[in-house]
Amino acid sequence: MDLLEHQGKEILSRYGIETPRGTVVDTPESLPAVDIPLPWVLKAQVPAGGRMKAGGIRMAHSVKEARRATDEMLGSSLHGCRVDRVLVEEQVPVDWEWYLCLTIDRSLRMPRLLFSRRGGIEVEETGEMLQLPVNPLVGLQEHHLRRMEKPARPVARRLYRLFREMDCELAEINPLAVVDGRPLALDAKITVNHNALYRHPELPQHDPRLTPLEQEAQKMGLAFVQEEGEVGVIANGAGLTMATMDALQDYGARGLFLDLCGTDDARQVERALSLMHRAGPRVILLNLFGGITKCDTVARGVLSALEKGMDTPIVARIRGTNEEQARQMLADRVESHLSFQEAVHRTAALGRGS
Amino acid sequence: MAVFVDRHTRVLVQGATGHQGRYHVRALQEFGTRVVAGVTPGKGGGEVEGVPVYDTVEESLEQKPTASLCLVPAPSARDAVMEALDAGISTVAVVTDGMPVHDAMDCIHYARCQGARIIGPNGPGVASPGKAKVAIIPNRVFLPGDIGVVSRSGTLTYEIVNALTEQHLGQSTVVGLGGDPVVGTTYVETLEAFQSDGETRTVVLVGEIGGEAEEEAAAYIRRHLTKPVYAYIAGRSAPPHRRMGHAGALIAGGTGTAQSKIEALEAAGVTVARFPHQIADLVAADRTA
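In order, the protein sequences belong to chains A and B.
Under the working numbering, the very last position in the first sequence is 1140; numbers go up by exactly one each time.
Under the working numbering, the very last position in the second sequence is 276; numbers go up by exactly one each time.
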């Protein structure tokens, strides 16, 4: 879950990392009441980087100027995300800027601390990045901190504690400004591990960038990726679903991705079919390799979806536990193939309308 | 010999009671695995399919388990894995899906301190046909043989193993690494084990988008692996910045694309199949040639 800047900054403050004075507005009408000395920095609250270049960060020297800028930003789209809120902050005179970040190194399977004496927009390109793996069992040590500028050390210590306690995949401060010798986080980019959201009920639980059907799927425990496509792919397992989408692409069709995620519940299968039907593909390709998910369970789910009027045509390829039974149950209702490639080939043709 | 498990492996099932637990205990037994104990807190004293159930892993040590199949749900998984490691279990296959990533990192590094191995989380486990299964992979797909299979995926692995079996190409060991971004056993560690395993003649690697584990595997293959390798990579059609089912299956900032992985593997001399089932055809063709 990518938190918005102002949500991230609230967490930083909770951990004793200073941020500029600021407040969030969702309408220009609130600006006259803002009790922060001018000039202001106005920052569009979207979970995406590169805001400066895209016009999502503006300066204002008067309330009038701020009104105009806020009016333009609110409701506009930035990197595909709608701007619903603007963060109004005091502008601070900065001595210099650093870069501080904690992330997870997938290869080392450890947190990794990144620090650069040059922060700002181009930090990733300027090099000179200090990169320190941190063993999660013992945490950040003095020898890590010694390699950083003195004022950055307490910030790194607090950020590490936040990174662990808040179950972060990413906690980035760029830039970490130095104002009169004091560190100040001018930005905050925090990503909380989705699997750990249940431990943080105070945080948003659903990504607003997901489509309404994707959000619905997530609540049901299904993995749905709704892109442009003619074929609704329903399979069990992420790898198998991806492999089916790849093969479809080779045959000239595009797919919507729905992974049944190891369910063995016919009602869940019925819900998955109904969801896919509502996404509006021309045809559904059901590609199963039954294990925990038994083929006859899926067949029962298909039959009850059909009974309830789900009328998107289905092509099925069913292998694995109880496959014969499943094929028998669906014999007169669903077009069935034994081979993966044949099923994909046939579905792609139906999807293209040929 | 075999990789990570063998005929001496004595299996403990954590989360053995309940519908799924009972199902898998039976499947393990049918596979010929020595299932010696189950552990479910509060259910000690009972039994599942003739296997004694204990409240704690420590109590189950009287049955001398060496490996654990962990079926415990995500919120309790960290504690269950730590309990197994504290009791000296040397191999823990964590099937659990949805484990918080910091919990997984803690378990992996603690296992390292204890000299133990974690396989997973969010993976089907490890199985060696004819010897032992510490996994949830359906029994019917296997055939004993000399192909080592390593994969980040679950059902896609079953598909590929099944296709091998249908062509009478048996497997030495099948290892499911897990679909999370952080997992206890890597491709490289598994490939090292296959390289030194006398029963493995050929290696099949099944990968997917996200991270750089397949690229690291390719680098290892180029330098050290003398056995033929066949691969399939899922996610060629996946859009960037979208998580494709697995937490680890994400193309971010230009890294983790299928293209990059396929190129790295091909440059290392690996035969990369375009469709999952093609792997079996390619192995069969090379063996008859």
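Backbone N, C-alpha and C define an ideal beta-carbon position, used for all residues, glycine too.
Bear in mind that the values here come from a model prediction, so they are computed numbers and not experimental data.
Exercise. A:G1038 CB to nearest chain B CB: under 8 Å?
Worked result: Translated into positions along the first sequence, residue 1038 of chain A becomes position 252. Not one chain B Cβ lies under 8 Å of A:G1038.
For this session: Kindly indicate the opening and closing residues of the alpha helix (DSSP H) around A:C887.
Result: Looking up residue 887 of chain A in the first sequence gives position 101. Taken as a continuous stretch (DSSP letters only), A:C887 belongs to no alpha helix (DSSP H), being part of the beta strand (DSSP E) at 882 to 891.
Exercise. How is A:G866 classed by DSSP in three states: helix, strand or coil?
Worked result: Within the first sequence, the letter at position 80 stands for residue 866 of chain A. DSSP places A:G866 in coil when its eight states are reduced to three.
For this session: Consider the Cβ of B:S63: report whether some Cβ of chain A lies at a distance smaller than 8 Å.
Result: As a position in the second sequence, residue 63 of chain B is number 76, starting the count at 1. With 8 Å as the cut-off, B:S63 does not count as an interface residue toward chain A.
Exercise. Counting only beta-carbon atoms, is A:S893 nearer than 8 Å to chain B?
Worked result: By one-based count along the first sequence, residue 893 of chain A stands at place 107. Taking Cβ atoms only, chain B reaches closer than 8 Å to A:S893, which makes this a yes.
Exercise. Would you report the Cα separation of B:R150 and B:Q158, rounded to the nearest angstrom?
Worked result: Taking the second sequence and counting its residues from 1, the one referred to as residue 150 of chain B is at position 163. Taking the second sequence and counting its residues from 1, the one referred to as residue 158 of chain B is at position 171. According to the sequence shown, residue 150 of chain B is Ala rather than Arg. Between B:A150 and B:Q158, the C-alpha separation is close to 11 Å.
Exercise. What does a CB cutoff of less than 6 Å around A:E883 pick up in its chain, not counting 5 residues either side in sequence?
Worked result: Indexing the first sequence from 1 puts residue 883 of chain A at position 97. Taken in chain order, the residues that qualify are G905, G906, P961, A963.
Exercise. Which chain B residues are close to A:H1131, counting only those with a beta carbon under 8 Å from its beta carbon?
Worked result: Residue 1131 of chain A sits at position 345 when you count from the first residue of the first sequence. Here the premise fails: no neighbours, minimum Cβ distance about 11 Å.
Exercise. Is B:V190 helix, strand or coil by DSSP?
Worked result: To locate residue 190 of chain B, count along the second sequence from 1; it is residue 203. DSSP places B:V190 in strand when its eight states are reduced to three.
Exercise. If you count every other CB in all the chains shown that lies within 10 Å of the CB of A:A819, and 16 or more means buried, which is it?
Worked result: On the first sequence, position 33 is the one that residue 819 of chain A refers to. By the 10 Å Cβ count, A:A819 comes out exposed.
Exercise. Start and end of the alpha helix (DSSP H) containing B:R174?
Worked result: Here residue 174 of chain B refers to the residue found at position 187 of the second sequence. Here residue 174 of chain B turns out to be Tyr, not Arg, going by the sequence shown. Counting along the chain, the alpha helix (DSSP H) containing B:Y174 begins and ends at 174 to 183.
For this session: Please state if the CB of B:G171 and the CB of B:R104 are separated by a distance shorter than 8 Å.
Result: Position 117 of the second sequence, counted from the start, is the residue given in the question as residue 104 of chain B. Position 184 of the second sequence, counted from the start, is the residue given in the question as residue 171 of chain B. Cβ atoms of B:R104 and B:G171: closer than 8 Å.
Problem set entry | CA-to-CA distance, A:I1078 to B:T173, given in whole angstroms | Here residue 173 of chain B refers to the residue found at position 186 when the second sequence is read from its first residue. Here residue 1078 of chain A refers to the residue found at position 292 when the first sequence is read from its first residue. Those two C-alpha atoms are separated by around 24 Å.
Problem set entry | Distance between A:H865 and A:Q877 (C-alpha atoms, nearest Å) | For the purposes of this step, residue 877 of chain A is taken as the residue at position 91 of the first sequence. For the purposes of this step, residue 865 of chain A is taken as the residue at position 79 of the first sequence. Roughly 25 Å between the two C-alpha positions.
Exercise. Taking 8 Å as the CB-CB cut-off, is B:H264 touching chain A?
Worked result: By 1-based counting over the second sequence, the position of residue 264 of chain B is 277. Yes, B:H264 lies at the interface with chain A (some Cβ there is under 8 Å from its Cβ).
Exercise. Is it buried or exposed for A:M845, if we count other Cβ within 10 angstroms and need 16 for buried?
Worked result: Position 59 of the first sequence, counted from the first residue, corresponds to residue 845 of chain A. Exposed.
Problem set entry | Endpoints, alpha helix (DSSP H) assigned at A:R968 | As a working note, residue 968 of chain A is residue 182 in the first sequence. Here A:R968 belongs to no alpha helix (DSSP H); instead the beta strand (DSSP E) covers 968 to 971.
Problem set entry | 9 Å Cβ cut-off: residues of chain B touching A:Q1035 | Sequence index remark: in the first sequence, residue 1035 of chain A carries index 249 (1-based). Neighbours of A:Q1035 on chain B, chain order: R223, S224.
Problem set entry | Boundaries of the beta strand (DSSP E) in which B:C100 is found, first to last residue | Translated into positions along the second sequence, residue 100 of chain B becomes position 113. Looking at the DSSP string, B:C100 is not in any beta strand (DSSP E); the run it does join, the alpha helix (DSSP H), is 88 to 101.
Exercise. What span of residues does the alpha helix (DSSP H) with A:F1126 cover, start to end?
Worked result: The residue you call residue 1126 of chain A lines up with position 340 of the first sequence. Its alpha helix (DSSP H) spans residues 1126 to 1138.
For this session: Could you tell me which residues DSSP puts in a beta bridge with A:K975?
Result: Stepping through the first sequence from its first residue, residue 975 of chain A is reached at position 189. DSSP, once it has assigned bridges, lists A:E958 as partnering A:K975.
Exercise. What residues match up with B:H233 in a beta bridge as DSSP calls it?
Worked result: Here residue 233 of chain B corresponds to residue number 246 of the second sequence, with the count starting at 1. BP columns for B:H233 are empty, so no partner.
For this session: Can you tell me which of the three DSSP states B:G166 falls into?
Result: The sequence position of residue 166 of chain B within the second sequence is 179, counting from 1. Of the three classes helix, strand and coil, the one that applies to B:G166 here is coil, per DSSP.
Exercise. Whose C-alpha, out of A:L817, A:V810, A:K1005, is nearest the C-alpha of A:V1142?
Worked result: The displayed coordinates of chain A run from 787 to 1140. Any statement about residue 1142 of chain A would go beyond what the structure contains.
For this session: Mind listing the chain B neighbours of A:I1070? Cutoff is C-beta to C-beta under 7 Å, in chain order.
Result: Working through the first sequence from its first residue, we reach residue 1070 of chain A at position 284. Those do not exist, as A:I1070 stays about 17 Å from chain B at its closest Cβ, beyond 7 Å.
Problem set entry | Of the residues A:D1097, A:D1082, A:G1087, the one placed nearest A:R1105, counting alpha carbons only | For the purposes of this step, residue 1105 of chain A is taken as residue 319 along the first sequence, with counting starting at 1. Looking at the Cα atoms, A:D1082 is the closest of the given residues.
For this session: Give a yes or no on whether the C-beta atoms belonging to B:P226 and B:E146 are separated by under 8 Å.
Result: Position 239 of the second sequence holds residue 226 of chain B. Position 159 of the second sequence holds residue 146 of chain B. No.
Problem set entry | Cross-strand partners of A:H1123 (DSSP beta bridge) | Within the first sequence, residue 1123 of chain A is the residue found at index 337, counting from 1. Its beta-bridge partners are A:R1103.
Exercise. Across which residues does DSSP place A:I843 in a beta bridge pair?
Worked result: If you number the first sequence from 1, residue 843 of chain A lands on position 57. Answer by DSSP bridge pairing, in chain order: A:K829.
Problem set entry | Under 8 Å between C-beta atoms of B:A200 and B:V(-8) | Here residue 200 of chain B is taken as the residue at index 213 of the second sequence, counted from 1. Here residue -8 of chain B is taken as the residue at index 5 of the second sequence, counted from 1. In this structure, B:V(-8) does not lie closer than 8 Å to B:A200 by Cβ.
Exercise. Span of the alpha helix (DSSP H) holding A:D1162?
Worked result: One cannot answer for residue 1162 of chain A here, as it falls past the ends of chain A, which runs 787 to 1140.
Problem set entry | Ordered list of beta strand (DSSP E) runs contained in the region 891 to 951 of chain A, each at least 3 residues | 896 to 902, 916 to 919
Exercise. At which residues does the alpha helix (DSSP H) containing B:Y10 begin and terminate?
Worked result: Taking the first residue of the second sequence as position 1, residue 10 of chain B is located at position 23. First-last of the alpha helix (DSSP H) with B:Y10: 5 to 18.
Exercise. In angstroms, rounded to a whole number, what distance separates the CA positions of A:P879 and A:I959?
Worked result: Here residue 879 of chain A refers to the residue found at position 93 of the first sequence. Here residue 959 of chain A refers to the residue found at position 173 of the first sequence. Rounded to the nearest angstrom, the two C-alpha atoms are 17 Å apart.
Exercise. From B:L252 to A:L1046, what distance separates their C-alpha atoms?
Worked result: As a position in the second sequence, residue 252 of chain B is number 265, starting the count at 1. As a position in the first sequence, residue 1046 of chain A is number 260, starting the count at 1. Rounded to whole angstroms, B:L252 to A:L1046 spans 30 Å at the Cα level.
For this session: Taking B:Y217 as the query, report the chain A residues whose CB atoms sit under 7 Å from its CB, ordered along the chain.
Result: In the second sequence, counting from the first residue as 1, residue 217 of chain B sits at position 230. Within chain A, no residue comes near B:Y217; the closest Cβ sits about 15 Å away, beyond 7 Å.
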